[in-house]
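Numbering follows the numbering used here, with no gaps: position 148 of the sequence shown is 233.
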Amino acid sequence: MTEKKFPFGIDTINEIEKHTPTPFHIYDEAGIIDNARRLAKAFSWNRGFKNYFAVKAAPNPAILSTLKKEGFGADCSSLPELIIAEKCGVVGEDIMFTSNDTPAEEFRKAYELGAIINFDDITHIDFAEKAAGGITPLVSCRYNPGKAKVGNAIIGSPEEAKYGFTHDQMIEGYRLLKANGVKRFGIHTMVASNELNAGYFVETANILFNLVAEISAELGIVFEFINLGGGIGIPYKPEQDAVDLDAIG
């Protein structure tokens, strides 16, 4: 069971309310920083570890700026999110652009910023190259494991989702990217949301590790990173336990 603690006392809230128009949100900056540091500590054994904050979760420049100071990048899925990241000084490969049904102008902006483009669909590869006049140096593809992985109640079953490449499309997608001159590669998946079972993420990592080995052997490419997506849950109910970040790390 997780002990619930409210970060602000009623006197503090009443004082803020006197000077701030309502309605408003109050964010616990100390709590955000603490969580960011606990996550970084859990993966500190991995010298190349980097967390990309999903801007869609809270498209707030103050939050993104705070996380940037903690070494976080930005996972963006739309043009407004790319612009927020840019305004906060998050550019280049500190941006992971993971989008769906993407207009040409969004690929152009991601290319302009030098973001890592994470392709969600095999048809996006040629479309993005034509739209932007090229492909950023470091790219990845989003894997949908289908029946090989069971989703959770929030994100649903992967095989029923519109997102990501099938297994065979992953091989063909990286083959196409290599043929188009790309030399730097990563891989990504996202199969859970608000998941409290640490073992779920370990299983997901194993699936990606095996797929990377298979693609590398077949196509002769080297992967620079494996992005496990997000989905680490919050214990909203008193009887729920927080995810053991060290167990995931």
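Think of the CB as a built atom: it goes at the ideal place given N, C-alpha and C, for glycine as much as any other residue.
Return the chain-ordered list of same chain residues with a C-beta closer than 8 Å to the C-beta of residue i, the five sequence neighbours on each side being excluded.
i: A127; result: L330, D331, I333 and G334
i: C173; result: P146, L149, S150, K153 and A159
I'd like to know whether the C-beta atoms of residue i and residue j end up nearer to each other than 7 Å.
i: E155; j: A189; result: no
i: F250; j: Y228; result: yes
i: S301; j: G271; result: no
i: V328; j: I317; result: yes
i: T221; j: Y196; result: yes
i: T183; j: S162; result: yes
i: L261; j: I210; result: yes
i: M255; j: G314; result: no
i: Y285; j: A277; result: yes
i: G199; j: G219; result: no
Leaving out five residues on either side along the sequence, give the residues of the same chain with a beta carbon under 7 Å from the beta carbon of residue i.
i: R193; result: A216 and A217
i: R123; result: L330
i: I169; result: V140, P144, P146 and L149
i: K263; result: L304 and I306
i: D186; result: none
i: P108; result: none
Would you call residue i buried or exposed, if buried means 16 or more other Cβ atoms sit within 10 Å of its Cβ?
i: D160; result: buried
i: D96; result: exposed
i: A238; result: Reliability fails at A238, whose pLDDT of 47 lies under 50, so the model's placement of it is uncertain and the value that follows must be treated cautiously. With fewer than 16 other Cβ atoms within 10 Å, it is exposed.
i: Y112; result: exposed
i: N312; result: buried
i: P243; result: With a pLDDT of only 45 at P243, under 50, the local geometry of the prediction cannot be trusted, and the value read off the model is given with reservation. Buried, because 16 or more other Cβ atoms sit within 10 Å of the Cβ of P243.
Judging by CA-CA distance, which residue of the options is the nearest neighbour of residue i?
i: D179; options: N185, I202 and T187; result: I202
i: Y248; options: H273, L198 and L296; result: H273
i: D69; options: A200, H252, F138 and L223; result: Because the chain spans 86 through 334 in this model, residue 69 falls outside it and cannot be assessed.
i: F138; options: N282, V175 and I311; result: V175
i: F310; options: H104, E299, I117 and L223; result: L223
i: A115; options: F91, K322 and E214; result: F91
Might you give, ordered along the chain, the residues of its own chain that have their beta carbon closer than 6 Å to the beta carbon of residue i, omitting 5 neighbours on each side?
i: V72; result: Because the chain in this structure spans residues 86 to 334, residue 72 falls outside the shown range and cannot be described.
Taking only heavy atoms of the ligand NAD into account, decide whether any of them is closer than 6 Å to the Cβ of residue i.
i: T97; result: Looking for the ligand NAD in the displayed structure turns up nothing, as the structure carries no ligands at all.
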